[in-house]
Amino acid sequence: MSIGIESVPVFGMGNVPVGRLQGGCAFASGREWTAGALLSLALVAACESPMAPVACGPLPQVTVHAGETASVTACFNDPNGDALGYALASSNPSVATASLVGSVVNVEGIAPGSATIVLTARDDGGLQGQASFHVVVPNRPPRARGSIPAQRVEAGGEVVVDLASWFEEPDGETLAFRVVASDAAVTGVALSGARATLAGLAKGVADITATATDPGGLAAVQTFGFAVPNREPVAVGVIEGQVMERGETRVIDLAPWFDDPDGDPLAYAASSSSPAAVAVAVSGAGLRLTALGSGRSRVTVTARDPEGLTATQSFGAEAPNRAPRVVGSIPAQAIRTGDTAAVDVSAHFADPDGDPLTYSASSSDAGIASVQVFGATIELRGAREGVAEIAVTAADPGGLSATLSFQATVSGEEEPPGSFEIEIRHATPMSASQMAAFESARARWMAILADTELPDMPVPEGVVRCRFPGQIYEQNVRAVDDLLIIAAVAEIDGEYKTVGRAAPCGIRQESMLPWLGVMEFDAADLERMETNGTLEAVILHEMGHVLGIGSLWDHHELLRDPSLAAEMEVDTHFAGAKAIRAFDEVGGAAYARGAKVPVENMGTRSGSDDSHWRKSVFGNELMNPSVEASMPLSAVTVASLADLGYAVRMDLADAYRLPTAAALLAHRRRAIPLGDDVLRIPIEVRDRSGRVVGVIPP
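For any residue, its number in this note's numbering is found by taking its place in the sequence shown, counting from 1, and adding 1.
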């Protein structure tokens with residue numbers, strides 16, 4: 002029988018209840034005791050042997066997380082039925098603690114680990130019994146709290162990440178942190194407690210791995226991005242402005258003027274605000290500047306790194322305008338009262354920058370000689386006798402100028418009857434020696450034609466034009482007395498081909514004699530001819546074509562059996578009576594190989610056949626189709642001009658005889674063909690008033 006805290010009924014004789022035993026040792030009344038002596042003895046014996054409390058059974062192991070609680074119901078029996086007092090103890094209070102409420106033991110997890118909870122039951126007599134159970138507080142791993150955002154830091158900068166904010170420890174333990182970068186060249190890592198300092202070292206990206214570990218070795222990991230962004234290039238100093246001459250090329254090394262803080266290679270580009278003034282080109286780090294014209298430009302240079310970030314610099318570049326300069330001197334001019342004279346001044350000025358020039362002129366005394374300007378032509382008009390100083394100014398588009406003066410002498414003398422005037426206008430610059438050769442040829446023809454009197458040709462529109470293949474030559478003029486020739490140097494066809502070419506481009510309606518013509522000389526041959534002494538003869542030859550020799554024979558119906566029309570070799574000849582008579586006088590009286598006067602007749606050379614004396618007969622005569630060191634102007638040529646209608650001076654012809662067969666052979670060996678030197682161009686026909694009445698097609 003177990004005795005606890007409850008009462009136990011007591012029965013007397015005849016099984017009659019006589020009372021109850023209330024816990025511990027108790028004694029009934031004497032009458033009751035008599036009735037149950039044996040029982041009384043037993044009870045007395047029991048009270049005399051106290052027993053410790055005993056647990057009802059083993060208690061289970063408890064698993065509880067830190068910060069959480071779990072309950073266990075305890076049960077003790079006291080054999081003596083004594084009232085019990087209880088006490089609790091934990092073997093490791095840092096891991097788990099316990100409290101008792103009634104018969105329930107509440108266990109609280111403190112930290113990961115294990116502990117034993119001991120429950121002691123004590124009776125009034127000091128006897129005690131114990132029951133215990135094992136408590137386990139399991140270790141839980143740390144956890145990430147959100148995601149650490151990617152970090153972006155300029156090179157040389159740093160950022161601090163508080164890792165404690167991005168991890169949590171469910172058991173409340175202290176975490177240890179570790180941080181590793183995937184690329185130590187991009188970022189440096191320093192750790193102080195939970196504070197990670199990330200330094201940007203160089204452009205690039207890296208992964209940052211942060212590990213939080215608890216004391217039990219469990220860990221949580223977060224990985225986040227780290228970037229050191231590309232930095233843009235920077236300008237170093239200021240590129241100085243550049244002052245250049247027209248045509249100059251200059252190279253600037255751009256490398257010292259830019260830097261990339263990340264050490265990236267740079268690519269360069271450049272632009273010019275005025276490419277017509279200064280052109281730019283870039284090769285590697287070299288900037289090439291070329292001054293093409295006068296003016297200022299703003300040059301902008303861009304340095305670009307591989308990722309497209311840029312830096313720029315701008316600087317000024319200019320080719321200052323240079324003033325025109327004077328070339329030689331303008332010859333003094335002599336005119337009569339009431340007359341005009343035109344002076345082409347273009348050859349007397351040059352612009353070092355190649356700018357077009359605008360001309361102006363003034364007279365020191367307009368009452369003696371007045372001036373008008375038509376392009377590059379200065380027209381003088383004599384008002385009364387005297388001398389005036391004519392100042393000519395050539396200005397470039399930038400306003401810079403040069404001035405050259407010459408004297409104009411006005412006389413009251415009448416123009417002598419029959420005086421023949423040839424004016425030469427140089428459309429392109431020529432040297433003084435070349436101009437002298439033109440002047441010598443001009444004087445020769447003027448002397449031969451001195452007795453020719455032709456009416457002046459008015460030019461109401463104030464400008465004349467000669468149309469050459471691919472070129473139109475213009476001159477400003479109000480009137481022509483007697484012949485105006487435009488002379489130019491041009492690229493024709495290279496050395497030893499067509500050295501020069503000429504043609505009349507305006508004739509008078511009544512006489513069919515020219516008032517306007519043009520001569521063009523190949524730049525490739527000009528210097529050579531000047532050196533070997535043939536230039537003046539070639540100019541004299543081409544001027545003869547302008548006068549009409551070979552170029553107007555057909556228009557005066559003096560050319561017979563033209564070979565070009567026949568397209569084959571025929572007996573082409575010039576039928577002028579005066580020329581035939583002169584031909585006979587120079588040794589052609591016995592000529593029996595065809596009609597007189599024999600003309601070049603191959604029928605295939607448009608600028609040579611039908612327009613020159615036949616070389617196989619005339620040899621080196623001036624108007625043969627080739628050039629030699631000696632080229633006499635024969636009486637036949639002078640007489641042919643008389644056949645055209647000019648008044649000529651036969652006595653000014655050179656001494657000449659038709660060459661022998663041996664001499665002809667020698668001439669053939671020495672001669673250089675002139676090429677197709679007679680141009681077939683439109684010829685304008687004007688009447689006495691200067692009105693255009695027709696155009697003769699080529």
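In this text, a Cβ means the ideal position worked out from N, Cα and C, and glycines have one as well.
Tell whether a beta-carbon distance below 9 Å holds between residue i and residue j.
| i | j | result |
| --- | --- | --- |
| residue 504 | residue 580 | no |
| residue 168 | residue 182 | no |
| residue 165 | residue 176 | yes |
| residue 320 | residue 424 | no |
| residue 143 | residue 197 | no |
| residue 87 | residue 60 | no |
| residue 565 | residue 607 | yes |
| residue 107 | residue 64 | no |
| residue 380 | residue 519 | no |
| residue 575 | residue 463 | no |
| residue 241 | residue 316 | yes |
| residue 231 | residue 208 | no |
Which residues share a DSSP beta bridge with residue i?
| i | result |
| --- | --- |
| residue 316 | 300 |
| residue 205 | 229 |
| residue 650 | DSSP, once it has assigned bridges, lists no residue as partnering residue 650. |
| residue 89 | 120 |
| residue 109 | 70 and 98 |
| residue 362 | 393 |
| residue 381 | 342 and 372 |
| residue 189 | 200 |
| residue 477 | 464 |
Go ahead and label residue i buried or exposed: buried means 16 or more other beta carbons lie within 10 angstroms of its beta carbon, across all protein chains shown.
| i | result |
| --- | --- |
| residue 333 | exposed |
| residue 467 | buried |
| residue 657 | buried |
| residue 696 | exposed |
| residue 517 | buried |
| residue 339 | exposed |
| residue 609 | buried |
| residue 481 | buried |
| residue 132 | buried |
| residue 470 | exposed |
| residue 294 | buried |
Which of helix, strand or coil does DSSP assign to residue i?
| i | result |
| --- | --- |
| residue 435 | helix |
| residue 676 | coil |
| residue 707 | Since the first and last residues shown for the chain are 2 and 699, residue 707 lies out of range. |
| residue 368 | coil |
| residue 526 | helix |
| residue 257 | helix |
| residue 542 | helix |
| residue 614 | strand |
| residue 146 | coil |
| residue 412 | strand |
| residue 536 | helix |
| residue 638 | helix |
| residue 37 | Caution applies to residue 37, whose pLDDT of 37 falls short of 50 and renders its modelled position unreliable; the value that the coordinates give is listed next. It is coil, neither helix nor strand. |
| residue 240 | coil |
| residue 684 | strand |
| residue 564 | helix |
| residue 574 | strand |
| residue 389 | strand |
| residue 517 | strand |
| residue 166 | helix |
| residue 754 | Examination of residue 754 is not possible in this model, given that the chain is present from 2 through 699 alone. |
Say whether chain D places a C-beta atom closer than 9 Å to the C-beta of residue i.
| i | result |
| --- | --- |
| residue 476 | Going by chain labels, chain D is absent from the structure shown, which holds only one protein chain. |
Going along the chain, which residues of its own chain have a beta-carbon closer than 6 Å to the beta-carbon of residue i, five neighbours each way excluded?
| i | result |
| --- | --- |
| residue 318 | 243, 279, 290, 298 and 300 |
| residue 614 | 622, 624 and 625 |
| residue 44 | In this prediction, residue 44 scores a pLDDT of 41, lower than 50, which makes its location untrustworthy; no coordinate-derived value is stated. |
| residue 178 | 164, 195 and 213 |
Once you ignore the five residues that flank residue i on each side, which residues in its own chain have a CB closer than 8 Å to its CB?
| i | result |
| --- | --- |
| residue 313 | 236, 301, 302, 303 and 304 |
| residue 636 | 583, 586, 587, 651, 654 and 657 |
| residue 55 | 77, 78, 79, 80 and 130 |
| residue 539 | 500, 501, 522, 530, 628 and 675 |
| residue 369 | 383, 384, 385, 386, 387, 388, 389, 409 and 411 |
With a CB to CB cut of under 7 Å and the five nearest residues on each side skipped, what residues in its chain are close to residue i?
| i | result |
| --- | --- |
| residue 154 | 160, 199, 201 and 229 |
| residue 351 | 325, 326, 328 and 430 |
| residue 589 | 597 and 659 |
| residue 358 | 325, 350, 352, 395, 396 and 397 |
| residue 392 | 362, 363, 404 and 406 |
| residue 645 | 514, 549, 553 and 557 |
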